[in-house]
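Trainee: Before I ask anything, here is the structure I am working with.
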Amino acid sequence: MTDPTNFMVKINGSPALINELANVANANSSEIQIESVGPADEVSHLRLGLAEVSTIITIVNGVATFAKFAWAIYKHLKEKKSDQVTVQTPLRTVVIISSDAVSPENIQALLEGAVRA
Amino acid sequence: MAAPFAYELGAFDPTFPGITLHYPNEATWKKAGEVSWLYYGLIGPEILKRNPGMSAKDLDPTRVIEELLANPELGIPLSPEGKDEIGRKFIARDPDNAVANLAIASATEHERRHFHDWLLSPYAAEINELRSWVFVNYGLLRRALHADGTTVIPVPLSRWLRKSEAEQQMLIDMWRSLLGEAERIQLPDFTRPKVTKTIEEITARYQRIGRLFEPFEPVKGMRIDGAAIFEASALMIQTQAIHDLFGETASNLFSSEMAGLATPSRYGWFSQAMVMASIVHRPGAIPENGAFSFENDTMSTIATWCLLGSNNADGANAHPLTRFDHALGYVKARGLSNLDLPANEILEELDNFSGVMPYRDLLEHSIEHFTEEVRCLDNMIKEKGHTASNHLLGVFQTQMLVYSWHVHMARLFMDDPNDYCQPVEYLDRSLGKLPEPPLRHTFGRPFYSIDPSMLDRHDQVMLFKDESTPDRAFVRETINQAPRGSLIDLRVADNWQYLCGLADLAFSEYNRDHPEIETQRALAKEEGIRYIEVLS
């Protein structure tokens, strides 16, 4: 993490989406480094739901790199209308839902917003 | 086995003393509406008969709840066969999603039980007490963290303080690249002994709070936590609620699907373990078809007993999983089929078998402890009312009320444990007797819109601002107080949520995507302090 434009992103979503994002990261390993992938911590409240949630933590080389993830998230939310994706950056948390999947550009704008100072 | 439903339908979050029903999409919302209309259609004629001046159009949800709270004896006027027929038709309309639809239809009862269990359980009350003392300590710490020109606070603090100096420097470099060179990064001085000590104290309290949700692995590959006991209790009530409206076929379908779920789901494990314990010495008790049925009353009573532990009174036997382990031994020795007993007898047998402090003593101890706490806080407010900060006064007042809810619930339970433990009695008799929770509805997407003039029907409301227009308000969240029977003032619920959010932003290592954490982060930014997330 010597490049000062690098920053860390944590994404929670369905296992299928997280797998997809891991594939995207692996295919773009010069721009995205995976720090960890796996099941998300169990939430510490009681919920009536059975959704499995996984996490990917990556180090992303610059805001423009988000475009690689944006397409995968867009495609996933278009198909799975009940799913949501939570993106945590050092600066804030953004929840992306299927109505946000208007276009890959819209998803990218949301991702970029999550690191805007 | 495929999950019978794949999205979140409701939540009881101890940082909000109410219940949340979640509608991830329009289909879920419509299904919930369909069930409400079915219910009103069945119960409405009886309400109209009792209120000659009322017409069918007056029967809105609020009015129906008011009538139910005022007349708890109102029930579904159908025979068991009639209910079963409704249930079969309900399943047949959408067989692929039958279990999900039954879950939607009974989510309120599930979450309401969490709310009551949380208020009743001495173990949970002690978690609330830990949180309360965190609020007091954090009030002082927060002031120290914000002093001396601090611009950035890395959170959760405990995660930051575990990093080596080199790792911390790398993170600061990363933040600098995000914030730009123009923005000054000034961290608090974490070397001040008082700051370090307070952080350590609060972190230790958070670790104790988190024990309920810490996974435990009794056998390799099976991970469970104390929260699964709360889920078991809520599931028994939910199954009974389905039985009351949709009859036996539907409740059996729901119960068998949920009981069959493997870990990490929190739903199936309790009953699976109980049944295994029961048959281990009694292979003859296994029915030929392998489908072991159990008494909902017995299971619900055992789950409730597991929640009655207290660290203050009997620390070695306080955690719900420790008590569950005792209960397994008891079921192994007695066999589930021999436990068709009144709840108070099962509770007493469990006490005697396991040698723990009797449940009545635990509750008496808890009532005494929290009554004394309420008295002390009341005195402190009177004595320090003129000199204490608003933050401290708010904490004291909120603490006092949260403790008094527990005392109230524990006393109601002691009056008649059967009414609480047995699902039929709990559902039939608790209305108008037990406190009712504030009800929060959340919408995953902007699909539900109303005329803006109707917004004031809700006590609190949040909108999807981008989608809303002057003519249509797209609702993101509503909160409503129960029309009667609520002992929880929404302002106190708000205070509790605010204080939890404030402390969780700095300390919680879980649920970092909780909306309240984000709210607090945004508020701090307005004050010129950035709470920056340490993600791993």
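Protein sequence lines, in the order shown, are assigned to chains A and B.
Quick note on our numbering: the first sequence kicks off at 88 and runs consecutively.
Quick note on our numbering: the second sequence kicks off at 2 and runs consecutively.
Backbone N, C-alpha and C define an ideal beta-carbon position, used for all residues, glycine too.
Looking at the secondary structure, which residues open and close the alpha helix (DSSP H) in which N148 (chain A) lies?
Mentor: That residue, N148 (chain A), is in no alpha helix (DSSP H); its beta strand (DSSP E) goes S141 to N148.
Trainee: Once the 5 residues before and after R522 (chain B) are set aside, which same chain residues still bring their CB inside 7 angstroms of it?
Mentor: Hits under 7 angstroms: L506 and Y532.
Trainee: What residue range does the alpha helix (DSSP H) around A127 (chain A) cover?
Mentor: No alpha helix (DSSP H) holds A127 (chain A); DSSP gives it neither H nor E.
Trainee: Measuring straight from C-alpha to C-alpha, what distance separates D149 (chain B) and C501 (chain B)?
Mentor: The straight-line gap from Cα to Cα measures roughly 25 angstroms.
Trainee: By a C-beta neighbour count over all protein chains shown, 10 Å radius and 16 as the cutoff for buried, is V281 (chain B) buried or exposed?
Mentor: Result: exposed.
Trainee: Do you know offhand how far A151 (chain A)'s Cα is from L456 (chain B)'s?
Mentor: About 41 angstroms.
Trainee: For a minimum of 4 consecutive residues, which ranges assigned as the alpha helix (DSSP H) are wholly contained in the region 215–292 of chain B?
Mentor: Correct list: 228–260 and 270–280.
Trainee: Hey, how far is the Cα of I105 (chain A) from the Cα of I143 (chain A)?
Mentor: Each residue's Cα considered, the two are about 6 angstroms apart.
Trainee: Determine whether the Cβ of P453 (chain B) lies closer than 8 angstroms to any Cβ atom of chain A.
Mentor: So no, P453 (chain B) is outside the interface.
Trainee: With distances taken Cα to Cα, identify the nearest neighbour of E68 (chain B) among B:G285, B:N52, B:K58 and B:S80.
Mentor: Among B:G285, B:N52, B:K58 and B:S80, the Cα nearest to that of E68 (chain B) belongs to B:N52.
Trainee: Using a Cβ cut-off of 9 angstroms, which residues of the region 342–359 of chain B contact any Cβ in chain A, in chain order?
Mentor: Residues: none.
Trainee: Determine whether the Cβ of R473 (chain B) lies closer than 8 angstroms to any Cβ atom of chain A.
Mentor: For R473 (chain B), the answer is no, since every Cβ of chain A falls outside 8 angstroms of its Cβ.
Trainee: Roughly how many angstroms separate the alpha carbons of D95 (chain B) and L246 (chain B), rounded to a whole number?
Mentor: Cα to Cα, D95 (chain B) sits roughly 17 angstroms from L246 (chain B).
Trainee: Please confirm whether T152 (chain A) has its beta-carbon closer than 8 angstroms to some beta-carbon of chain E.
Mentor: The structure shown contains no chain E; its protein chains are A and B.
Trainee: Using a C-beta cutoff of 8 angstroms, does D298 (chain B) count as contacting chain A?
Mentor: Closer than 8 angstroms: no.
Trainee: Kindly indicate the opening and closing residues of the beta strand (DSSP E) around Q521 (chain B).
Mentor: That residue, Q521 (chain B), is in no beta strand (DSSP E); its alpha helix (DSSP H) goes P516 to E527.
Trainee: Might you give, ordered along the chain, the residues of its own chain that have their beta carbon closer than 7 angstroms to the beta carbon of Q171 (chain A), omitting 5 neighbours on each side?
Mentor: Around Q171 (chain A): V182, I183 and I184.
Trainee: With I533 (chain B) as the anchor, note down where its alpha helix (DSSP H) starts and where it stops.
Mentor: Element bounds for I533 (chain B): not the alpha helix (DSSP H) but the beta strand (DSSP E), R531 to E534.
Trainee: Is the Cβ of I533 (chain B) closer than 8 angstroms to any Cβ of chain A?
Mentor: Output row for I533 (chain B): interface = yes.
Trainee: Looking only at its chain, what residues have a beta carbon closer than 7 angstroms to the beta carbon of Q241 (chain B), apart from the 5 residues adjacent to it on each side?
Mentor: N297, P424, V425 and L428, listed in sequence order.
Trainee: Contact criterion: CB-CB distance below 8 angstroms. Does F156 (chain A) meet it with respect to chain B?
Mentor: Chain B contact via Cβ: absent.
Trainee: Is the region 352–367 of chain B in contact with the region 82–98 of chain B, if contact means three or more CB pairs nearer than 8 angstroms?
Mentor: They do not touch, by the three-pair rule.
Trainee: Select from the region 93–112 of chain A all residues with a C-beta closer than 7 angstroms to any C-beta belonging to chain B, and list them in chain order.
Mentor: Result list: N93, F94, M95, K97 and N99.
Trainee: Of the residues B:L103, B:P81, B:N129 and B:A525, which one's Cα is nearest the Cα of A251 (chain B)?
Mentor: Residue B:L103 is the option with its Cα nearest to A251 (chain B).
Trainee: Give me, in chain order, the residues of the same chain whose beta-carbon lies closer than 8 angstroms to that of W406 (chain B); leave out the 5 immediate sequence neighbours on both sides.
Mentor: Answer for W406 (chain B): P18, L120, P436, L488 and I489, listed in chain order.
Trainee: Along the region 514–533 of chain B, where does the CB come closer than 7 angstroms to a CB of chain A? Name the residues.
Mentor: Here the close residues are D514, E519, R522 and I533.
Trainee: Evaluate H244 (chain B) with the Cβ neighbour count: other Cβ atoms within 10 Å of its Cβ, from every protein chain shown; 16 or more gives buried, anything less gives exposed.
Mentor: Its Cβ being crowded by 16 or more others within 10 Å, H244 (chain B) is buried.
Trainee: Please state if the CB of S272 (chain B) and the CB of F295 (chain B) are separated by a distance shorter than 8 angstroms.
Mentor: Yes; because the gap between Cβ atoms is below 8 angstroms, this pair is in contact.
Trainee: Under the three-state reduction of DSSP, which class applies to H111 (chain B): helix, strand or coil?
Mentor: If DSSP states are grouped into helix, strand and coil, H111 (chain B) belongs with the helices.
Trainee: What do you get for V189 (chain A), buried or exposed, if any count of 16 or more other CB atoms within 10 angstroms of its CB means buried?
Mentor: Exposed: under 16 other Cβ atoms inside 10 Å.
Trainee: Name, please, each residue of chain B whose Cβ falls closer than 8 angstroms to the Cβ of V202 (chain A).
Mentor: Correct list: L179.
Trainee: As a quick exercise: from A:G125, A:K97, A:I194 and A:A201, pick the residue whose alpha carbon is nearest that of H163 (chain A).
Mentor: Cα-wise, what sits closest to H163 (chain A) is A:I194.
Trainee: Would you mind telling me which residues of chain A sit closer than 8 angstroms to E184 (chain B), beta carbon to beta carbon, in chain order?
Mentor: Chain A residues near E184 (chain B): A204.
Trainee: Measure the alpha-carbon distance for L60 (chain B) versus Y41 (chain B) and round it to whole angstroms.
Mentor: Distance between the alpha carbons of L60 (chain B) and Y41 (chain B): 8 angstroms.
Trainee: Tell me the DSSP secondary structure of L22 (chain B) in three-state form.
Mentor: Strand.
Trainee: Please name the residue, chosen from B:R361, B:T302 and B:P438, that lies closest to P123 (chain B) on a Cα-to-Cα basis.
Mentor: Nearest C-alpha to P123 (chain B): B:R361.
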